[in-house]
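Just so we're aligned: the sequence shown equals residues -16 to -1, 1 to 325 in mature numbering (1 follows the signal peptide of the UniProt record, and there is no 0).
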Amino acid sequence: MRSVVLLLLGAQLAYAGTHSLKYVYTGVSRGIDFPEFTAVGMVDDGQFMYFDSNSMKAVPKTEWIRQNEGADYWDRETQNHIGHHQAFKNNIQIAMERFNQSKGVHTWQNMYGCELNDDGTTQGFYQYAYDGEDFVSLDKNTLTWTAANPQAVITKHKWEALAVAEQNKGYLENTCIEWLKKYVAYGKDTLERKVSPQVSLLQKDPSSPVTCHATGFYPSGVKISWQKNGQDHDEDVDLGELLPNEDGSFQRTSTIRVTPDEWKKNRFSCVVEHQDKTIRKTEDDIITNFDSVPIAIIVGAVAAVVLVIVIGVVGYLVYQRKKDFKPVSASDDGSNSSART
């Protein structure tokens, strides 16, 4: 299950002044109680489309896409993803053979998308992973593929011989951007809203780590850092993943581990930066008993975890670190996921 989530949990974020469109496809071999294939479409890290191989139907996940695209659009998306489902099953089998695997649960994932900045510049990416580890990725500038391991070199040579990179580049720089602009226009009121985070410092007891929890913010770009006596401090700090809330906003945590003695002798503070606002929390703001944590924070955190489990494992969140591809002009979905590995 770890590998299903890994590609998704660090997906590149859209920061202030940037809009993004990305898709995450996840294929899972038989053996666990999850769909064999899921597809999730995201605009600005918020899910707007979902498909899985159990329902065999692409469905809207936001009101703005539901109001602006009709049955033809969803029929087209459904057919595209049905094709991807079969391709992913084939690619998992091929990958298992290359890695000399005959059993076990395995995953094949593809994440791709584009970003549009306020100044008109654009970026695009295609990434693939097997069992949660890098497999092959597109270098859009050189029109080549970067193989992350020996088993991926075969795929690299095959796709370069088929000029798959050229087709992907065309999609990322044209079709993807065109659909991104359309989606942003559809959901302008939602996608361009600005909501500041609610920030809390949480600690179970005086000897426990202290967690800085920011929630309810939009857009997703947020910076959480720690200071020690007024100076930046990044030792013994764990930054959590960006998580979605049920209302479309986001939450994130940063946890610092220091001894009670060090905490007493120094002045630590959590600094949260979002858009033009900076929020600073100090020792005086720590909530030391979980029972006293505001119910909204508890509900939000639990809901986000459930959302990650339900959506992430079967195909959502956002990995930092294919039949031949044929661009479909009437659709924003430009994945070459059906290309054989």
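All C-beta atoms in this analysis are idealised placements derived from N, C-alpha and C, irrespective of residue type, glycine included.
Counting the other CB atoms within 10 Å of its CB gives R241 a total below 16, which places it among the exposed residues. Assignment of beta-bridge partners to E150 by DSSP yields no partner.
Under DSSP, I78 shares a beta bridge with no residue. Here A42 carries a coil assignment [DSSP, helix/strand/coil].
Boundaries of the alpha helix (DSSP H) around E47: 47 to 52.
In chain order, K41, A42 place their CB closer than 6 angstroms to the CB of T62, counting only its own chain and leaving out the 5 sequence neighbours on each side. The Cβ-Cβ distance between L185 and V27 does not fall below 8 angstroms. W48 and G30 have their C-alpha atoms roughly 12 angstroms apart.
Among the bridge pairs identified by DSSP, A136 is matched with none.
Taking the C-beta atoms as reference points, P181 is found no nearer than 8 angstroms to V221. Bounds of any alpha helix (DSSP H) do not take in V89, whose DSSP letter is neither H nor E. Put simply, the region 121 to 136 does not touch the region 70 to 77. Fewer than three CB pairs are less than 8 angstroms apart.
Taking F201 as the centre and dropping the five residues before and after it, the same chain places the C-beta of V179, S180, P181, S233, F234, H258 closer than 7 angstroms to its C-beta, in chain order. Taking every protein chain shown into account, the CB of I161 has 16 or more other CB atoms within 10 angstroms, so this residue is buried. By the 16-neighbour rule on beta-carbons within 10 angstroms, T128 is exposed. Put simply, the backbone Cα of N52 is about 47 angstroms away from that of H217.
The Cβ atoms of T139 and V194 lie no closer than 8 angstroms to each other. If you check the CB distance, A23 and H68 come in under 8 angstroms.
Pairing T272 with Y114, the inter-Cα distance amounts to about 42 angstroms.
By the criterion of a C-beta distance shorter than 7 angstroms, T325 is surrounded in its chain by N75, I78, A79, T139, once the five residues flanking it on both sides are discounted. Non-local beta-carbon contacts of G15 in its own chain, meaning distances under 6 angstroms to residues more than five positions away in sequence, involve V89 in chain order. Assignment of beta-bridge partners to P228 by DSSP yields F234. Beta-bridge analysis with DSSP links H258 to K261. In the structure shown, E99 falls within a strand segment according to DSSP collapsed to helix, strand and coil.
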